[in-house]
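Scroll down for the structure; my scribbles are underneath it.
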Amino acid sequence: MNETIPPDRTSLTPEIRTLLHVPDDKTLEARQKSWIRDRRRFGILLGLALGLIYGVISQSINHLYLPDLPLYHPAPGPWMIAVLFVLLGGALGFASAWPNNSLLGVLLGGLLGALVMDIATLLETGLDSSNLNSVIAALFIIAMPLVASLALVVALFRGALDWHQRIVRGKGPLWLSIGIPLVLVLLIGWMAVASGYSPYARTLLVRAHDLIEEGRAAAEPAALPEDLRVNAVKDFSAHANQPYTLEWDADPTNRYAIPRPLGQGGADALVIARFEDGWTLVCLYTWVTAPPQCISLDG
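For the sequence shown, my numbering assigns the number 611 to the initial residue and increments by one for each residue that follows.
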């Protein structure tokens, strides 16, 4: 919905304006500016609210699924990440609400969202990669599809802002002003829940946790589970009593170069156990019931 300032109505005399209840140009311009400020303010507030919903749910959903497991969280920690999502939501809301042209607002919001997601992916995975140029090239290739997918969400967001404007002007049904933001809240909530670990990932995390706890309970190295007595796992008993965290990783690039065993596969994934003293245990699971292939890394 484009919003343009009405043309200068110089052809209307003051008497005719009064008779037809037509405000003067200064009043129309002031009213238009007020509507624009209201749209931008509402965009920021709605963006902050959606960011809060996504941040809180996405950073807590895995703990609700696996309350007894010490799950890993990247820096700066789950609640600081939630705060960053709130700020990002406000920024995206402002970017989407700023232009008077709705299509431009959708494109601007989609571009900003894609840029932030690319930067976050680069910081999370790219800096650990031995081939940073390949990571950047991959992010560039997926940038446009990412903008397109985000544009669908941003379009719904901008639609909520535009319908809010119509309600302010008395030109639309009240239920749409409430219904579209409610749909957005449900959509963002669903996306936050979907960002959590899948049932398959949760199963592997539980298996890895059970393996480590069984190893910690072993009285001597010879009593360790077979998967922890392989040559690639060194000095498990020396680090077993350290606190640790668990992370599931889809491992699309086989970054730890763990040999894949022959047989059934297709669901390769890692569980990474980071011990407090810097020692790391990485276990590759090729199937939900397959034995893991584990290696250790010194800090």
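No residue lacks a Cβ here, since even glycine has one placed at the ideal position from N, Cα and C.
This one's a predicted model, so the numbers in the text were calculated from it and none came from an experiment.
Put simply, the backbone Cα of Ala828 is about 57 Å away from that of Ile790. The beta carbon of Tyr675 is closer than 7 Å to those of Gly806, Tyr807 and Arg812 in its chain, skipping five residues each way along the sequence. One Cα belongs to Asp859, the other to Leu662, and the distance between them is close to 25 Å.
The beta-carbon distance between Val881 and Leu814, rounded to whole angstroms, is 5 Å. This is short enough to meet the 8 Å contact definition. The region 838 to 880 contains, as complete alpha helix (DSSP H) runs of 4+ residues, the segments 846 to 849 (chain order).
Here Arg650 really is in contact with Trp708; their C-beta atoms are around 6 Å apart, less than 8 Å. Within the DSSP secondary-structure output, Gln903 pairs in a beta bridge with Leu894.
Contact between His849 and Trp889 holds: their C-beta atoms lie close to 4 Å from each other, under 8 Å.
The shortest C-alpha to C-alpha distance from Gly723 to any of Leu697, Asn711, Ser712 and Asn710 is the one to Leu697.
In the DSSP annotation of this structure, the continuous segment of the alpha helix (DSSP H) that includes Arg817 starts and ends at Pro809 to Arg826. In the three-state scheme derived from DSSP, where H, G and I count as helix and E and B as strand, Ala770 is classed as helix. The residues Ile905, in chain order, have a CB closer than 6 Å to that of Ala842 in the same chain once the five nearest residues on each side in sequence are set aside. Around the C-beta of Leu796, fewer than 16 other C-beta atoms lie within 10 Å, and the residue is accordingly described as exposed.
Straight-line measurement puts the Cα of Pro853 at about 40 Å from the Cα of Leu655.
Between the beta-carbon of Leu717 and that of Ala761 there is about 7 Å, and that keeps the pair under the 8 Å contact cut. Here Asn672 is buried: its Cβ has 16 or more other Cβ atoms, across all protein chains shown, within 10 Å. Within the same chain, and ignoring the five residues on either side of Val803 in sequence, the residues whose Cβ sits closer than 7 Å to its Cβ are Ile667 and Ile671.
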